[in-house]
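Position in the sequence shown (first residue = 1) + 1 = the working numbering.
Here a beta-carbon is modelled for each residue, glycine too, at the ideal position from N, C-alpha and C.
Remember, predicted model here, so these are calculated numbers, not experimental data.
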Amino acid sequence: MSRPVGWAWLAIVALLLAAAVVRIHDIGAQDIWADEGFTYFATQTSDLVGLLRSDVHPPLYFGALRLWADVAGTSELALRLPSALAGLLTVALVFRLALDLSVMQAPRQAAVFAGLAALMMVLSDLEVDLSQEARMYTVQSALSVAAVIAYVRWLKRGRRGMLVVLAVCSAALVYVNYLGAWIPVTIGLHAVLTMRPRRAIPLVAALIAAAAAAAPWLLAVGVQQVGNGAGADRADPATWDTLLRYRDIWFGQMWPLTVGLLGVGAIAWLQPSRRPLERRIGVLLILWIALPLALTWIATNYVPVLAAHRISHVTPAIALLIALGLMRFPAGARMFIVVTLVVSGVTSVDFYRIKGPWEQYVDTVASFVRPGELVLMEIGGGDSMLEYYFDRALPQGTELRSLKRWRESQPLTFSAELPQVVNSHDTVWLLHWSSETQIFDVLQSAGFVQTMHRTTPHIQNSRLDSYRFDRMPEGEVGQIGPLVLRRAKLLQNRGRIDLWWSVETPVTEMLVTSAFLLDSDGALVAQMDSPPMMGERPVSSFTPGEVVYDPKLLTTPDGALLPGGTYRAGVVVYRFVDGGTERLLRPDGGEVLELGEFTID
């Protein structure tokens with residue numbers, strides 16, 4: 002094992018600081034997305050095993066994160082930080098593995114090689130992206146490198162304790178992500194190809210022990226997960242275009258250079274002049290890349306599992322081979338190439354997933370929901386990310402249901418139970434982004450009227466739709482000008498007045514609805530003026546007979562919440578004329594529709 006010279010420790014500290022900056026900076030900038038939402042859901046459920054039976058993942062990461070969340074909470078930063086820390090650990094372990102490989106005889110050369118390998122990990126956009134995601138993939142990478150370190154140390158020194166570490170890491174890999182099993186498979190195949198059978202017996206025993214440790218879960222739950230299909234829509238096809246995309250992900254925009262460096266590194270490790278152990282290590286690194294990709298490529302023809310993030314644990318081997326390729330160049334040329342790679346890595350992005358405006362989408366309804374109302378989610382790709390934000394935003398007593406999850410978990414009773422649940426409420430909120438439209442028919446059959454429709458821009462010019470449906474009473478509260486006030490609700494203790502408007506004939510002019518509160522002395526204390534629905538539904542957009550929801554959030558002039566007391570509420574409607582305003586009149590000539598009194602504690 003090569004020992005790094007003194008400055009090498011400074012180098013790895015600097016590299017870890019750089020890795021920390023790029024992995025933790027803006028770690029909460031993007032919203033939690035579907036897969037991370039499932040992670041959050043796993044930290045909240047009382048039946049983790051039952052949840053995972055309907056998924057495709059093993060339990061170790063979710064169980065560990067649940068313990069972490071009990072201490073650190075469930076903010077975006079708290080959920081994602083373990084992935085960032087595992088990403089940093091992977092960088093450090095790659096540095097350590099490079100030293101253990103002892104390809105360079107001089108300590109200084111070995112330290113340079115280790116630093117270059119760690120630098121390649123720091124610059125990996127795939128690793129950076131996965132470090133900012135509440136998923137298990139950076140943990141998988143760290144365990145993979147740890148397993149290879151244990152194997153290499155056993156190869157070099159015959160230390161039996163390293164086989165224990167290898168067995169533990171191998172079993173943990175299976176319990177973190179099933180495709181992590183490719184690492185012990187790679188190690189086992191490498192032993193078959195490069196080792197005498199008698200020499201391999203202790204290694205085989207360690208791998209059998211790891212398999213035995215993983216077997217209880219695989220037999221009890223894993224076999225039930227086959228065919229669940231979770232994440233199948235995010236699997237890549239086994240095509241040439243996918244290979245080209247993977248080339249760009251792992252080798253970047255300067256892929257001719259980095260692929261060439263990897264080839265130089267592989268050839269350097271396999272040269273006949275190398276010692277047998279070094280050549281065996283070269284074979285190991287090549288297998289580390291080729292075998293997981295090949296096996297996953299084959300497997301995806303039967304189970305859709307092919308995705309760059311799922312086999313991201315090949316990245317350390319790529320980094321090591323590129324680093325060795327760099328070491329074949331003179332110091333000056335090597336420095337020039339490294340600077341070029343750093344500039345390219347800093348100024349370009351080779352892997353980045355846009356995760357969608359899910360918090361903004363939830364906000365289109367969450368601030369208006371009242372306790373006791375029903376919120377439904379119908380999202381084709383999964384809605385656990387919405388549940389994450391709803392859990393933080395909805396008032397106590399709100400019923401939140403995922404139609405997709407409900408339909409899939411109770412297929413025999415769903416269609417009968419859905420109308421029953423809908424009929425037990427007078428207001429239903431719906432977030433809809435799916436080809437499934439059954440809920441609209443159910444709501445219409447139950448007598449609900451759509452009173453709100455808001456849209457949130459999404460990726461690829463698509464939109465996310467949110468709706469409000471209400472049971473509308475017969476009659477009306479009153480009329481001002483062409484606007485008919487169908488219903489009004491005073492929300493005590495929330496300082497909000499909900500209004501529902503309609504028109505009998507089209508209106509072309511701009512009208513403003515104004516809700517206000519007067520205190521016990523008749524003084525104006527709060528007022529909100531806007532076209533209906535926060536300005537999103539001008540009266541000119543109304544169609545005759547349509548009912549439009551118009552919430553008015555009332556605060557004091559300085560923006561503070563209303564103090565406790567009894568208030569009288571009213572509504573006026575006005576239009577703009579000659580640089581001023583003109584109030585519209587009721588049929589009896591009055592200007593104000595009185596809505597009554599309410600009390601704020």
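Counting only runs of 4+ residues, the alpha helix (DSSP H) found wholly inside the segment 394-466 occupies 404-410, 415-424, 439-446, in chain order. Looking only at Met196, Ser125, Gly181, the smallest Cα-Cα distance to Lys157 is reached by Met196. Excluding sequence positions up to five before and after Val429, its CB lies within less than 7 Å of the CB of Leu375, Leu377, Val423, Leu444, Phe449, Phe470, all in the same chain and listed in chain order.
Between Leu404 and Leu322, the gap from beta carbon to beta carbon reaches 7 Å or more.
Within the segment 46-130, complete beta strand (DSSP E) segments of at least 3 residues are not found at all. Restricted to the segment 236-295, not a single beta strand (DSSP E) segment is unbroken, complete and at least 3 residues in length. Here the alpha carbons of Ala19 and Ala12 stand approximately 10 Å from one another. Comparing C-alpha distances from Glu547 to each of Leu554, Val504, Arg576 shows the shortest one belongs to Val504. Taking Cys170 as the centre and dropping the five residues before and after it, the same chain places the C-beta of Leu144, Ala147, Ala148 closer than 6 Å to its C-beta, in chain order.
In this structure, Ala207 keeps its C-beta atom at 7 Å or more from the C-beta atom of Leu245. Under the DSSP assignment, Gln141 falls in the alpha helix (DSSP H) whose first and last residues are 138-158. For Glu360, the uninterrupted alpha helix (DSSP H) segment begins and ends at 359-367. Collapsing the DSSP output to three states places Phe330 in coil. Sequence-distant Cβ neighbours of Val315 in its own chain, meaning closer than 7 Å and more than five residues away, are Trp289, Ile290, Pro293, Leu294. Per the coordinates, the alpha-carbon of Gly580 lies some 15 Å from the alpha-carbon of Glu510.
In the structure shown, Trp218 adopts helical secondary structure according to DSSP, grouped into three states. For secondary structure counted as the alpha helix (DSSP H) over 4 or more consecutive residues, the segment 175-213 holds these complete runs in sequence order: 183-195. Residue nearest to Asp392 within the set Leu68, Glu37, Phe42 is Phe42 (criterion: CA-CA distance). With contacts defined as CB atoms closer than 7 Å, Leu204 and Ala192 qualify as a contacting pair. For Gly597, the enclosing beta strand (DSSP E) has its first and last residue at 594-601. Per DSSP, the unbroken beta strand (DSSP E) holding Ile380 starts and ends at 375-380. Comparing alpha-carbon positions, the option among Arg455, Ala9, Leu78, Ala15 lying closest to Asp32 turns out to be Leu78. Shown here for His454: same chain residues with a beta carbon closer than 7 Å to its own, the five before and five after excluded, namely Asp466, Tyr468 in chain order. In the structure shown, Gly591 adopts coil according to DSSP, grouped into three states. Rounded to whole angstroms, the gap between the alpha carbons of Tyr138 and Gly383 is 20 Å. Taking the Cβ atoms as the reference, Leu401 lies roughly 6 Å from Leu395, within the contact range of under 8 Å.
Here the segment 331-342 makes no contact with the segment 360-367; the two share fewer than three CB pairs at distances below 8 Å. For Gln31, DSSP records no beta bridge to any residue. Per DSSP, the unbroken beta strand (DSSP E) holding Lys490 starts and ends at 484-492. Of the residues Trp183, Ala135, Ala320, Ala21, the one whose Cα lies closest to the Cα of Phe96 is Ala320. Note on geometry: alpha-carbon atoms of Ile460 and Gly357 lie some 7 Å from one another. Here Gly496 is near Leu555, since their CB atoms are less than 7 Å apart.
Distances from the CA of Tyr390 to each of Phe415, Glu360, Ile312, Ala201 were compared; the closest alpha carbon is that of Glu360. In terms of CA proximity to Asp442, Leu419 leads the group Leu419, Thr259, Phe577. Residue state for Leu554 is assigned as strand, using DSSP reduced to three classes. The beta carbon of Asp351 sits closer than 7 Å to the beta carbons of Asp126, Asp249, Ile250, Gly253, Gln254 from its chain, once the five residues preceding and following it are set aside; these are given in chain order.
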